[in-house]
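**Student:** Below: one structure in structure tokens.
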Amino acid sequence: MIITISGTPGSGKSTVAKILLQRLNAERIYVGGIRRDLAREKGMTLQELNEYAQTHPETDVDVDQKAAAEARHLEKKGKIVIVEGRTQFHFLPESIKVFIKVDPTVGAQRIWKDLQSKATQQERNEGNINSLEETKRSTAEREEIDAKRYQKYYGIDHRNESQYDLVLDSTTESAGEIAERVLKYLQAKKLMKK
Numbered sequence: 084m085i086i087t088i089s090g091t092p093g094s095g096k097s098t099v100a101k102i103l104l105q106r107l108n109a110e111r112i113y114v115g116g117i118r119r120d121l122a123r124e125k126g127m128t129l130q131e132l133n134e135y136a137q138t139h140p141e142t143d144v145d146v147d148q149k150a151a152a153e154a155r156h157l158e159k160k161g162k163i164v165i166v167e168g169r170t171q172f173h174f175l176p177e178s179i180k181v182f183i184k185v186d187p188t189v190g191a192q193r194i195w196k197d198l199q200s201k202a203t204q205q206e207r208n209e210g211n212i213n214s215l216e217e218t219k220r221s222t223a224e225r226e227e228i229d230a231k232r233y234q235k236y237y238g239i240d241h242r243n244e245s246q247y248d249l250v251l252d253s254t255t256e257s258a259g260e261i262a263e264r265v266l267k268y269l270q271a272k273k274l275m276k277k
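Structure representation (structure tokens):
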């Protein structure tokens, strides 16, 4: 089984993926992490890489294709695979497609809180963000830039909720509660035992 997780910034996609990873004894492919590493290799922040990607499709397409191929490879080896990436539902149409959304202000607050840790700042590689207002602006800009690239390269809008099997709103629910809802969905679909 392959589960793809997409969603809006600050919705808790990574935290939910990590919980599911443990609960399902799964393998995780984190496309955002791959792109953040690519940005570091190029001496860029994630935002700079996203701007660069507007005229260099390989920074998206190659990463997305490799992530999907790796997911299929792991699944063939009998693994449950969780692929966290905004466009992976498109590359892995056979997957269980989960979309997690959050109110943009709440999402920005979560990101800003995470950025208070130096380790998280380095991991996220988002550059210098010095306030909650700047986080809100930067997050909204990134979401629009990403959406334009996905439309240009793949002809999709990752925010169109009709493309997903399960749409969840984490605005008032914890990552643990969202993960439980994913597990209940899998049980209801008879994709896993209770």
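So this note's numbering is basically just the index in the sequence shown, starting at one, shifted up by 83. Built from N, CA and C at the ideal position, the CB exists for glycine as well.
1. Should residue 234 go down as buried or exposed, given a rule of 16 or more other Cβ atoms within 10 Å for buried?
2. Hey, residue 165 and residue 119 are a contact pair by Cβ (cut 8 angstroms); roughly how many whole angstroms apart?
3. When the distance is taken between beta carbons, is residue 100 closer than 9 angstroms to residue 113?
4. Around the Cβ of residue 274, are there at least 16 other Cβ atoms within 10 angstroms (buried) or fewer (exposed)?
5. Assuming residue 183 contacts residue 251 under a Cβ cut-off of 8 angstroms, what Cβ separation, rounded to an integer in Å, is found between them?
6. Using 9 angstroms as the limit for Cβ to Cβ distance, is residue 139 near chain D?
7. Taking 8 angstroms as the cut-off, does the stretch 134-150 touch the stretch 229-247 (at least 3 CB pairs, one atom from each stretch)?
8. Residue 185 to residue 170, Cα distance in whole Å?
9. Quick one: is residue 213 buried, meaning 16 or more other Cβ sit within 10 Å of its Cβ, or exposed?
10. Measuring only the C-alpha atoms, how far is residue 135 from residue 149?
**Tutor:** Short version:
1. Mapped onto the sequence shown, residue 234 falls at position 151. The residue in question, residue 234, is exposed, as its Cβ has fewer than 16 Cβ neighbours within 10 Å.
2. The residue labelled residue 165 in the question sits at position 82 within the sequence shown. The residue labelled residue 119 in the question sits at position 36 within the sequence shown. 18 angstroms between Cβ atoms; not a contact.
3. Here residue 113 refers to the residue found at position 30 of the sequence shown. Here residue 100 refers to the residue found at position 17 of the sequence shown. Yes. Within cutoff.
4. Against the sequence shown, residue 274 aligns to sequence position 191. Looking at its Cβ environment, which holds fewer than 16 other Cβ atoms inside 10 Å, residue 274 is exposed.
5. What you label residue 183 is simply residue 100 of the sequence shown in a count that begins at 1. What you label residue 251 is simply residue 168 of the sequence shown in a count that begins at 1. Indeed they touch by this definition, with Cβ atoms about 5 angstroms apart.
6. No chain D is part of this structure, which consists of one protein chain only.
7. yes
8. As a working mapping, residue 185 is identified with position 102 in the sequence shown. As a working mapping, residue 170 is identified with position 87 in the sequence shown. Each residue's Cα considered, the two are about 18 angstroms apart.
9. If you number the sequence shown from 1, residue 213 lands on position 130. The residue in question, residue 213, is exposed, as its Cβ has fewer than 16 Cβ neighbours within 10 Å.
10. As a working note, residue 135 is residue 52 in the sequence shown. As a working note, residue 149 is residue 66 in the sequence shown. Rounded to whole angstroms, residue 135 to residue 149 spans 20 angstroms at the Cα level.
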